[in-house]
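Asks: Residue numbers (the numbering used here), protein chains in the order written: chain A, 1 to 649; chain B, 650 to 917. Beta carbons are placed, not taken as given, at the ideal position from N, Cα and C, and that holds for glycine. One structure is given below, represented as structure tokens, and several questions about it will come after.
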Amino acid sequence: MRKTWGLTFAALGILAAAFLPRLLRACVGPSVELIFINTIHPDLPVGPYTQGNLGVIQPTYASIYLYVAYRNLAGPPVSPSEGEALWGGDERLLTGHGSRTGEALQQQQALETEMHPDWQQAWLSAIGGSKPFVVRFFDISSIPPWAGVYREIALHEGNNELYSQYLNCPQDAFREADKTLKLRTQQFGEMSSVVQNWKEAQKMVFGNCNEVGEVPDDLPPSAPAIARADRAYQQAAAYFYAGEYDEAVSAFRAIAEDQASPWSTIAPYLVARALVRKATVIDKWEPDFATLGQAETQIDSVLANPRLTQYHHAAEQLRGLIEFRLHPDKRLAELANNLMRGSQDANLAQDLIDFKRLFNLDTGSQYFGRPPLIGSELYTKLASARAKSDLVDWLLTLRLDDPEAYSHSLEKWQTTHSSAWLIAALTKAEPSSRHVSELLAAARRVPTSSPAYCSVTFHSLRLLLLQRKDAEVRERLAHLQIRRLGPFPPDFATPPSTANLFLALRFALARNLDELVENALRVPATVTDDLSSQQLPETDWGVGPASFDPVLPRFDDDSLVVLNRLLPVAMLAEAARSPKLTAKLRREVALAAWTRAALLGNTSVARSLAPEVEAIDPELGRALRLMILRRRPRTSGLPPCSPCSDFPA
Amino acid sequence: MFSAMRVVPVAMLLAGLLFALACGSTRIVDGSQQAQSSSSGARVLAGWPRVIVWAWQRPEDLSFINPRRVGVSYLVKTIQLNGDAVFVQPNLNGLKVPAGTWVMACARIEIAAGSIPDLSPQQAREAASKLASLADFPDAKAVQIDFDATASQRDFYRNLLIELRQRLPRSFPLSITALGSWCMGDDWISHLPIVEAVPMLFRMGPDRVSILLRLEAGDDFEEPLCRQSAGMSTDELVPQLPPGRRLYIFNPEVWTKATFDKVVIIKE
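What follows is the structure, given as structure tokens:
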């Protein structure tokens, strides 16, 4: 019986003492993840960050957050209207309250829902139909922000089947058709043969959206000229949606040359669109770069033609798409420079989408949930884009996992003295890096009001700590202009992740148990059971243990390692009584301390903790008291335990 | 589904056992416990390939696979929940497979980055209506939904699957991917209208240690829906699986014949 108790205690002691981190962290409930420092995005809500409360910037933030940081550091700061474009009008993302702004939501829904009355109902009522005019509506994508009809491709190619999908008929096609129908109805009357013929032909045109349909026949020469011009345009459009791009290009070119046609000014632009389609859809794993080159030439001619000014905006956007595929590095830099114009960028929302996609494609981020660090090979490959845009250069340098990241950051800072590059250099610096002292001196001059303050201060202290300048670090931490280090209310001034980073520094410098315990406690920045990569907060803890409170302070990994592996058991017992710990943590520490003491045969500590243990588990506590009262010799009842030698007695 | 891989030191494997003991959160199932199973579901699954590869958000040329032995679950679209809205992103990356390949039309559900979704019954209905067209995907033999639903999202997901099931043709099987924890010590999926739940044994996060330990010890998933198949990644080994499972395999890189031959050996 005594041996059984001894073995039981030994087993509990081994497991608890060895794996206390998992015990203390994991017992909050199934699949709960405590994140003390957010690494993918800044602390949510993102409003304060957008306005310049950047905290300590992490190189692993998704590109959109690094862009916002750069804007706040290098200017111009992000305006409220730009915030709409950045965060889609979602007040909850910005402030943690409210909902998507009504206007932003309506606009997006207007673009993206297939049931919106602006175009579909108008179209249906115009042609007198009550059901969709295509065989089957497919799906509507939010990116790009066009509602439309997608086409599935299933091709038989040799012994293989090929499947793909693409946006075939975007919403602007239906809008334009609706406008034309209204115009012709005004000109000729709803029941006129012109309008009726037009409607029948247009049904055929859009019948190609889902699958290959028909192309309308020519009108007889006796038909009005404008009707014949409309028919030529509808034929070209039908070829386009049917995927017969060579025929579409020829047809649109012919229309472009017909100066009498009302479609002659849009036709050159549509030639380019047909060429882009030919280059990128159907059975292409990679774009047909030769055809894309033809599209580029065509779209440049549109942009150079003053007669076609009304289509220059659309042509610019199409050119962006072409450049995205044809010259991605150049396009990345162009987009970055557009984004730095802020609200003066008329295409801010689309440019941001394209920039994120291109940046993620370039850095391989699109296949993983978390933005990966990049190597020197990719960094060199993107040298051209970096040379054209300081934003791209900064983003890629932050992500670079190579000594060149420091040398390049240092060089850029020495040239520009910008706070963005000071942050990059300090982030990448090691304590013995050359010119570190200059960087540290520059960091001291950054005012507390600067968006760069937290980042430069944290990394300065990190480097000083590694240089073993403990006294200086301690002194500066004591006077840090960062409010509320420690448990804080939801309405925080310092982002929780940032506060936790500084607490970790203070923890590393603790001179006594009191300081250790005080700085061991951190409030998680995010508490989630989201096992995706987004580190999004879980808000409903109804299914977890009743005692689980997501805003209570807890131990992060650095604290647990010290408590578990480095702190002598007597001190751990003392920590269990610290008023700086929450009641829950005191109980957990007491149990762990007792278990270790029992295992090590340290009966005085075990005895001293008996009241705490009994409060946690009365039955165990009573058994302990019995064991202690029998005053068993230390050498009996407890088996040898080799792992115990790893732990301080 | 595709969160970052974690390195699992040996100590953590043991810590998982401690977690299970200390928190008392799971029931250990021994081999003799007979779980409920749907006989009709078993019949449906009987004709499915034993190996199915996921084709995800990149162009995939799988012309090298043996269509008699290997199937493909192709990500057709991603549904994004954003506030009270439901947005659809079709997968614009192509897929090439040998003629006659068994294809499953798959969709992933995500929360738009930084968004807090409504998760209302109406949103579930809307999402289901946008997913129902998966059954129309050319040559599709089944539909699969991939959603890492958190605790607070379960009601929504349940509603969505019920709505989707009603919209799919009756004979069209519905499969889902499942977090490992759903299959062990949690019965929330047991009454969902699905024929299988594929336990995803990669990128498992905090549950990884405990689940792998139990599988290593010879335990099986408690939830019968999870006992037909298992999902794994080419870059994350699973030490042991109960025999006879259908394998779904994910590759974080583009599939090549070399990668496939390295990870999949099919005995004829």
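Given a limit of 7 Å on CB to CB distance, which residues of the region 375 to 406 of chain A reach chain B?
Replies: none
Asks: Hey, how far is the Cα of B:D767 from the Cα of B:N731?
Replies: 8 Å
Asks: To the nearest angstrom, how far is the alpha carbon of A:R151 from that of A:Q171?
Replies: 14 Å
Asks: Along chain A, in chain order, which residues have C-beta atoms closer than 7 Å to that of B:G743?
Replies: L162, Y163, S164, W285
Asks: Determine, for A:N210, whether the minimum Cβ-Cβ distance to residues of chain B falls below 8 Å.
Replies: no
Asks: Does the beta carbon of A:Y241 sit closer than 8 Å to a beta carbon anywhere in chain B?
Replies: No, no contact with chain B.
Asks: Would you kindly work out how many angstroms separate the C-alpha atoms of A:P48 and A:L54, rounded to a whole number?
Replies: 8 Å
Asks: For A:Y241, which of helix, strand or coil comes out of DSSP?
Replies: helix
Asks: Taking only beta-carbon positions, decide if A:N692 is within less than 8 Å of chain B.
Replies: Since the first residue of chain A shown is 1 and the last is 649, residue 692 of chain A is not available in this structure.
Asks: Please name the residues in the region 827 to 857 of chain B whose beta-carbon is closer than 8 Å to at least one beta-carbon of chain A, in chain order.
Replies: L828, S830, G834, D835, R852, M853, G854, P855, D856
Asks: Taking Cβ-Cβ distances shorter than 9 Å, what residues in chain B pair up with A:A154?
Replies: Within chain B, the residues near A:A154 are F786, P787, D788.
Asks: Return the bridge partner residues of B:G880 from the DSSP annotation.
Replies: B:M849, B:Y897
Asks: Give the secondary structure of A:P403 by DSSP, where H, G and I count as helix, E and B as strand, and everything else as coil.
Replies: coil
Asks: How many whole angstroms separate the CB atoms of B:P716 and B:P747, which I take to be in contact at a CB cut-off of 8 Å?
Replies: Between B:P747 and B:P716 the Cβ distance is about 4 Å, and since that is below 8 Å, they are a contact.
Asks: Can you check DSSP and say which residues form a bridge with B:R757?
Replies: B:T727, B:D795
Asks: Counting only C-beta atoms, is B:S769 closer than 8 Å to chain A at any point?
Replies: The beta carbon of B:S769 does not come within 8 Å of any beta carbon belonging to chain A, so the residue lies off that interface.
Asks: What distance in whole Å lies between the Cβ atoms of A:A573 and A:L599, which are believed to be in contact at a cut-off of 8 Å?
Replies: About 13 Å separates the two Cβ atoms, so there is no contact after all.
Asks: Compare the C-beta of A:E84 against all C-beta atoms of chain B and say whether one is closer than 8 Å.
Replies: no
Asks: Below 8 Å on the Cβ atoms is my contact criterion, and I expect B:V752 with B:Y723 to pass it. Report the Cβ-Cβ distance as a whole number of Å.
Replies: 6 Å
Asks: Among residues of its own chain, excluding the 5 on either side of A:L303, which ones have a beta-carbon nearer than 8 Å to its beta-carbon?
Replies: H312, A315, E316, R319
Asks: Counting contacts by CB-CB distance shorter than 8 Å, is A:E33 in contact with chain B?
Replies: yes
Asks: Say whether chain B places a C-beta atom closer than 8 Å to the C-beta of A:Y61.
Replies: no
Asks: If the cut is a Cβ gap below 8 Å, which residues of chain A does B:S712 touch?
Replies: N159, N160
Asks: Look at A:L426 and A:S460 and say whether their C-beta atoms are less than 8 Å apart.
Replies: Yes, these two residues count as a Cβ contact at 8 Å.
Asks: On the DSSP letters alone, give me the boundaries of the alpha helix (DSSP H) that A:Y269 sits inside.
Replies: 267 to 280
Asks: Grouping DSSP H, G and I as helix and E and B as strand, with all else coil, what is B:K745?
Replies: strand
Asks: Starting from A:L464, trace the alpha helix (DSSP H) in both directions and tell me its first and last residue.
Replies: 453 to 466
Asks: The alpha helix (DSSP H) that contains B:C832, what's its start and end?
Replies: 829 to 832
Asks: Distance, Cα to Cα, B:S758 vs A:A606?
Replies: In the sequence on display, residue 758 of chain B carries Ile and not Ser. Each residue's alpha carbon lies about 52 Å from the other.
Asks: Give a yes or no on whether the minimum CB-CB distance between A:Y150 and chain B is below 8 Å.
Replies: yes
Asks: Less than 8 Å between CB atoms is the rule here; does B:P747 satisfy it with respect to chain A?
Replies: yes
Asks: What did DSSP end up calling B:T826 once you bin it into helix, strand or coil?
Replies: strand
Asks: Under the three-state reduction of DSSP, which class applies to B:T905: helix, strand or coil?
Replies: coil
Asks: Identify, in the order they occur along the chain, each residue of the same chain with its Cβ nearer than 7 Å to the Cβ of A:A256, setting aside the five sequence neighbours on each side.
Replies: Contacts found: S264, A267, P268, V271.
Asks: Mind pulling the chain A residues with CB within less than 9 Å of B:P921?
Replies: Absent from the model: residue 921 of chain B. The displayed extent of chain B is 650 to 917, so no value can be given.
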